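What follows is one structure encoded as structure tokens, with my remarks underneath.
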Amino acid sequence: MQDFVPGQRWLSETQAELGLGIVMATDGRCVRIDYPATGETRLYAMRDAPLARLELGVGERIRDRQGRELRVIGARAERGLITYRCEDLDGLDHELPESELDDHQRFNRPQQRLLSGRIDSDHWFGLRYRTWRQGMREAGASTFGLLGARVALIAHQLHIAAEVAGRDAPRVLLADEVGLGKTIEVGLILHRLLLTGIARRVLVVTPEPLLHQWLVEMRRRFNLGFALFDRERFEAIDETNPFQAEQQVLCSLDLLVSRPDAEQAVLDGQWDLLVVDEAHHLAWSESGASHAYTLIEALAQRTPGVLLLTATPEQLGRAGHFGRLRLLDPARFHDYAAFREEEARYAPIAALAARLLDDEPLAAADWATLGSLLGDIEGMGRDEVIERLVDRHGTGRVLFRNTRASIPGFPGRVLVPYPLPEPQAYRTSTSDPLARLTPERVLGPGWDALDPRVDWLIATLRELRPAKVLLICVQAQTVLDLREALLRRAGLYAAIFHEGMEIVERDRAAAYFAAVEDGTQLLLCSEIGSEGRNFQFAHHLILFDLPLEPDLLEQRIGRLDRIGQTQTIRLHVPYLSGGPGEVLFRWYAEGLNAFERVCPAASAVFARQGETLRRALADPSLTDALVAEARALSEELNAEMAAGRDRLLELHSHRSDRDAALVDAIEEIDASREASDYLTRFWDAFGVEHESGPGGSLVVRPGSQMLHETFPRLPEDGLTATFDRSSALAHEDREFLTWEHPMAREAMELLTASDLGTSVLILVRDARFKRATLLLELLYVAECPAPPELLVGRFLPPTLVRLLLDAEGRDHAGEIAHEALRGDCLTRNFKLARSVIGSQAPRLSAMLARGETLAQEAVVRLEQEAMTRMEQVLGEELDRLIALARVNPSVREDEIERLRRRRERLGQSLRKTHPRLDAARVIVTT
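Per the numbering used here, residue 313 is the first one in the sequence shown, and the count goes up by one each step.
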């Protein structure tokens, strides 16, 4: 009879899903065990209780009830209770009574399960093997964190994400032009940083109108569930600091600057990464700064990683540009005058670099100038000189900027204008020229009966049929009125998409519009409702009205005008002639040429001409002068921007040769179909139902005989999914399943944390064995406990060590592959299985002991190889940063020191690597 003492921890041998039990009471013959993880209580007879005492060995990894990761380094027993000596990930010692072990932790004990005859189905063993092999492949891979996003594989976006997410505590300014995908770049960076564990707590601060766009983009493209904080949510959370209630937070700058309590709470939030969109709105000058700027400055000083986003890095003033750089590195950018002087010295270097890139010959004096900057360049080729220039000069390390001039792949744009007469009722309904830009809002119900744009729309849709058409207007009510008018007057059905709809409704509308065979021709969008969605499969855009701000116009066009668009975009603009609508149309078309191409200077022109434009809207006689001034201003400012083009910065922001290799690597993984094979096998084993759906999709539902009540990330009513990237891009209602999708990752974690497949017995008929043979296949995992921010997986990920031992202890793993051993599993014949294991128990025990010795030897070799690799890689990085710091002030001293500390801590962690037996399979050959 076993001795039971209150406080001891025991495991159920027959119901492992109960979790870790604790003895609560005994009465001489029975023992009561509580299982806190599931809330269950069991009463067992002491004499034959199906329980196993939990006694942890040195090297085992555990958690306490506070969630701390610990490693056992010793133990002592007193009055039947065990107290463990442990160390945490930072090497600090702790004493842990067994009663304080995490109740939810699973303890994988293959040896005990195998020798007691508790065996599993062989397909779970195979899935465990594939799971660990996949973990080894992805750890440290260049594609890690970049492959699971629902995005087209655009080279410059992947380049920036890989470069920035590969840094310790990245602090950069992302300044790509409109349409080049800054939000996607940030999403990719966040995705990788969160997967690697470098960042856990993330704060995204945006202007209020962009909150929903960010929420949708992060969820739909990257499976990142940000919590949106507005005033109501902030007030509703009953905690000392509401921002501590969530790990990934999205909030508006307006909320933070308008409420002192929100400002203080966000400053106390202890964030790992801060993202600020539209950072050019943060006003700074030598004489002072706005409240918003000082708040972000305080946040940036407290947060290790900072990403600033702006499409206009310098157009709104050099001082403002310096102010943004100052947020990233106040030590480097501390004096505006010194910054201007440094830029002046840099300008000739940028000009020389441009000539090198264009293969223009350089004079001897030019080469001398380069030699004075770079040191000895004699014998260097053009490419090597350019490489040194990119690495060592300018603001390249903190600034990324791609322009349409340097990135191919954008479509053409054609303007198709339609001047229409303005009804008299619109002219007399209001004296406000801004209101006449959207007159239907003033006139109210019945406006569609007299507005010529409605008849024009009906005729245009019939003419363009069956081509997909996207229509955007300002108001959701206009969307609803148009849908009703089209159906009533012409029998035309349109899908709608506006801010008043739930996200699921919007998904359905977008999917209905995207469907090729049975979808709708027209999608009616409001201004806000169209944000965060891209419809590259459509080539016709109707601008039912025009926004006053050029940025909004470009955002509308950007729903179609993006990399990935395959045809020329036709912009249909029905405007009401003779009034403010015509004035605004001419300002855009003739003054800025903003319809047929991107006008980089448009925002700056609007900033200068805003009042003049408003006067012209009220008095159309001023239009010719307005348009002429706008044309001259835009040509001047656009020329200045082109002349100031920094080719070194472009090269730093986009390396076509290297980036193409990254795209190729992801495409190869996409094409392999390994993830689909793995997940379908997992679903089959778990009892999840799946069947083919429309358009090559897959419908996945909970099965009636599932292993557990739920499956990771699978809703009760199921989901529609695809493993194909192009299908996922066209159908946002389908989950895009990859190795990095939360369903796949959580399924893998569920398996490796469970007992499934840890002890297996199979009978194999194999001609290679002339007589009956006993083999033992052992899967060990070399584990290196380290804080996530050290990225130890870059040098030693959890590595599978496979052994295949015969009865004499010889290892045949190098000769016989895991996949070659297929046979009959004995899970349905437990009597025979227990008989075989019982008769071979002494031999199996000896083979397990031999396996432990061989695994330890293998781990020592892995540890030495990882240590050598780490010292070489980080040593080279450190030497490079030290050399760069001498010639490029943008390399921060704290960055160098952080790398030194990281190398030291990694060395300490790698020396603690140990093998853990994950699974054992007995193979009897006949």
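Virtual Cβ for every residue (Gly too), placed ideally from N, Cα, C. Quick caveat: nothing in here was measured; it's all calculated off a predicted structure.
Let me know if E410 comes out buried or exposed under the rule of 16 or more other beta-carbons within 10 Å of its beta-carbon. For this step, residue 410 is matched to residue 98 along the sequence shown. It is buried - the Cβ of E410 has at least 16 other Cβ atoms within 10 Å.
Hey, would you say R1144 sits closer than 8 angstroms to R440, going by beta carbons? Translated into the one-based positions of the sequence shown, residue 1144 becomes position 832. Translated into the one-based positions of the sequence shown, residue 440 becomes position 128. According to the sequence provided, residue 1144 is Leu. The question's Arg does not apply to it. Going by C-beta atoms, L1144 is not nearer than 8 angstroms to R440.
Would you kindly work out how many angstroms separate the C-alpha atoms of E861 and A577, rounded to a whole number? Your numbering for residue 861 matches position 549 in the sequence shown. Your numbering for residue 577 matches position 265 in the sequence shown. Cα to Cα, E861 sits roughly 34 angstroms from A577.
Going by DSSP in three states, F1081 sits in which element: helix, strand or coil? Reading the sequence shown from its first residue, position 769 is the one you call residue 1081. Three-state result, F1081: coil.
Classify L393 as helix, strand or coil using the three-state DSSP reduction. Within the sequence shown, the letter at position 81 stands for residue 393. If DSSP states are grouped into helix, strand and coil, L393 belongs with the strands.
Starting from L1115, trace the beta strand (DSSP E) in both directions and tell me its first and last residue. By 1-based counting over the sequence shown, the position of residue 1115 is 803. First-last of the beta strand (DSSP E) with L1115: T1111 to D1118.
Which residues in the same chain have their Cβ closer than 7 angstroms to the Cβ of R1192, if we skip the five residues on either side of it in sequence? Within the sequence shown, residue 1192 is the residue found at index 880, counting from 1. Closer than 7 angstroms at the Cβ level, and outside the excluded window around R1192, lies no residue.
Whole alpha helix (DSSP H) elements within the segment 696-756, 4-residue minimum: 736-741 and 751-755
In whole angstroms, what is the alpha-carbon distance linking Q314 and Q423? Looking up residue 314 in the sequence shown gives position 2. Looking up residue 423 in the sequence shown gives position 111. So the two alpha carbons sit approximately 20 angstroms from each other.
Can you grab the Cα-Cα spacing for the pair I808 / L836, in whole Å? Here the question's residue 808 lines up with position 496 in the sequence shown. Here the question's residue 836 lines up with position 524 in the sequence shown. If I take the Cα positions, the gap works out to 5 angstroms.
Which residue comes first and which comes last in the beta strand (DSSP E) that contains Y900? Position 588 of the sequence shown, counting from 1, holds the residue named residue 900. It is not in any beta strand (DSSP E) - Y900 carries neither H nor E in the DSSP assignment.
Please report how far the alpha carbon of R667 lies from the alpha carbon of W679, in whole angstroms. As a first step, residue 667 must be located in the sequence shown, where it is residue number 355. As a first step, residue 679 must be located in the sequence shown, where it is residue number 367. Their Cα atoms are separated by approximately 12 angstroms.
Residue ranges of each alpha helix (DSSP H) run of no fewer than 4 residues wholly in the segment 470-556, ordered along the chain? 494-508, 523-534 and 543-548
In whole angstroms, give me the CA-to-CA distance for Q327 and L363. Position 15 of the sequence shown, counted from the start, is the residue given in the question as residue 327. Position 51 of the sequence shown, counted from the start, is the residue given in the question as residue 363. Using only the alpha carbons, I get a separation of about 10 angstroms.
Per DSSP, P409 forms a beta bridge with which residues? Translated into the one-based positions of the sequence shown, residue 409 becomes position 97. Paired residue(s): T395.
For T1205, which residues in the same chain have their Cβ closer than 8 angstroms to its Cβ, ignoring the five residues on either side in sequence? Mapped onto the sequence shown, residue 1205 falls at position 893. Looking at the sequence itself, residue 1205 is Glu, so the reference to Thr does not match. Hits under 8 angstroms: A643 and A1197.
Which residues in the same chain have their Cβ closer than 6 angstroms to the Cβ of Y824, if we skip the five residues on either side of it in sequence? If you number the sequence shown from 1, residue 824 lands on position 512. Contacts found: A807, G831 and T832.
Is the separation between the beta-carbon of R418 and that of T1070 shorter than 8 angstroms? Numbered from its first residue, the sequence shown carries residue 418 at position 106. Numbered from its first residue, the sequence shown carries residue 1070 at position 758. Not a contact, by the Cβ cut-off of 8 angstroms.
Considering Cα atoms alone, identify which of V1234, E547 and Q879 is closest to Q848. On the sequence shown, residue 848 is found 536 positions in, with the first residue counted as 1. Out of V1234, E547 and Q879, Q879 has the C-alpha closest to the C-alpha of Q848.
Report yes or no: do the segment 894-910 and the segment 929-943 share at least 3 C-beta pairs separated by less than 8 angstroms? yes
Does the segment 1041-1051 come within contact of the segment 809-823, defined as at least 3 CB pairs closer than 8 angstroms? yes
Cβ neighbour criterion (16 or more within 10 Å) applied to F1142: On the sequence shown, position 830 is the one that residue 1142 refers to. Classification of F1142: exposed, given that the 10 Å Cβ count is below 16.
From L794, L1086 and D566, residue whose alpha carbon lies closest to that of D1123: Here residue 1123 refers to the residue found at position 811 of the sequence shown. The shortest Cα separation from D1123 among L794, L1086 and D566 belongs to L1086.
Taking the continuous alpha helix (DSSP H) assigned at Q560, which residues delimit it? The residue labelled residue 560 in the question sits at position 248 within the sequence shown. Counting along the chain, Q560 falls outside any alpha helix (DSSP H), though it belongs to the beta strand (DSSP E) covering Q560 to S564.
CA-to-CA distance, D760 to P723, given in whole angstroms: Here residue 723 corresponds to residue number 411 of the sequence shown, with the count starting at 1. Here residue 760 corresponds to residue number 448 of the sequence shown, with the count starting at 1. Cα to Cα, the separation comes out at about 34 angstroms.
Coarse secondary structure for A666, derived from DSSP in three states: For the purposes of this step, residue 666 is taken as the residue at position 354 of the sequence shown. Three-state DSSP puts A666 in a helix.
Determine the DSSP secondary structure at I1235, reduced to helix, strand or coil. Translated into the one-based positions of the sequence shown, residue 1235 becomes position 923. Looking at I1235 - three-state DSSP - the assignment turns out to be strand.
Check this for me: beta carbons of R774 and L732, under 8 angstroms apart or not? Residue numbering aside, residue 774 sits at position 462 when the sequence shown is read from its first letter. Residue numbering aside, residue 732 sits at position 420 when the sequence shown is read from its first letter. No, the Cβ-Cβ distance between R774 and L732 is not below 8 angstroms.
Nearest-angstrom Cα separation, counted from T615 out to A557: Residue 557 sits at position 245 when you count from the first residue of the sequence shown. Residue 615 sits at position 303 when you count from the first residue of the sequence shown. C-alpha separation (whole angstroms): 18 angstroms.
Residue burial classification, Y356 (beta-carbon count within 10 angstroms, cutoff 16): Counting from one through the sequence shown, the residue named residue 356 turns up at place 44. Flag for Y356 reads buried.
Which of helix, strand or coil does DSSP assign to D819? Numbered from its first residue, the sequence shown carries residue 819 at position 507. D819: helix per DSSP, three-state reduction.
Coarse secondary structure for S1009, derived from DSSP in three states: Here the question's residue 1009 lines up with position 697 in the sequence shown. Correct three-state label for S1009: coil.
If we ignore side chains and look at the alpha-carbon of each, how far apart do R504 and E1183 end up? As a working mapping, residue 504 is identified with position 192 in the sequence shown. As a working mapping, residue 1183 is identified with position 871 in the sequence shown. So the alpha carbons of these two residues sit roughly 24 angstroms apart.
Measuring CA to CA, which of E399, T350, D434 and Y396 is closest to T1139? Walking along the sequence shown from the start, residue 1139 turns up at place 827. The shortest Cα separation from T1139 among E399, T350, D434 and Y396 belongs to D434.
Excluding the 5 residues flanking A771 on each side, which residues of the same chain have their C-beta closer than 8 angstroms to its C-beta? Residue mapping note: residue 771 aligns to position 459 of the sequence shown, counting from 1. Here the set comprises nothing.
DSSP three-state assignment for D982, whether helix, strand or coil: Counted from its first residue, the sequence shown places residue 982 at position 670. Note: D982 maps to helix in three-state DSSP.
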